[in-house]
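Residue numbers (this note's numbering): 215 to 307. Ideal placement from N, C-alpha and C gives every residue a C-beta, glycine not left out. Please read the structure below before turning to the comments.
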């Protein structure tokens with residue numbers, strides 16, 4: 215699902231681990247609506263894109279994000295983002 219218009223600034227979204235499995239794709243390019251200002255807003259908007267996204271972002275509180283390769287909190291602004299990655303928490307042993 216690429217949602218870009220002629221004058222848009224697309225953002226590359228990347229999904230990892232079970233987020234990717236539930237969404238059903240590793241990456242896509244989108245242009246979110248103008249009122250989507252933060253990572254949290256984006257996750258909420260993505261939930262509404264279909265059942266696969268709703269399942270993937272059902273527990274948005276545990277999903278981690280990175281904007282342009284830098285870890286980001288849910289209140290981080292996305293206005294200048296070129297790439298946003300979503301992934302589950304990583305644990306080690």
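Tell me where the beta strand (DSSP E) around residue 241 begins and ends. For residue 241, the uninterrupted beta strand (DSSP E) run begins and ends at 241–244, by DSSP.
I need the straight-line Cα distance from residue 270 to residue 277, nearest angstrom please. Residue 270 and residue 277: Cα-Cα distance of roughly 9 angstroms.
Determine whether the beta carbon atoms of residue 279 and residue 230 lie at a separation below 8 angstroms. Not in contact: residue 279 and residue 230 (Cβ atoms no closer than 8 angstroms).
Within the continuous beta strand (DSSP E) that includes residue 278, where are the two ends? From DSSP, the beta strand (DSSP E) with residue 278 extends over 278–281.
Ends of the beta strand (DSSP E) at residue 226? Boundaries of the beta strand (DSSP E) around residue 226: 225–229.
Relative to the alpha-carbon of residue 256, which residue among 240, 238 and 275 has its alpha-carbon at the smallest distance? Considering only alpha carbons, the answer is 275.
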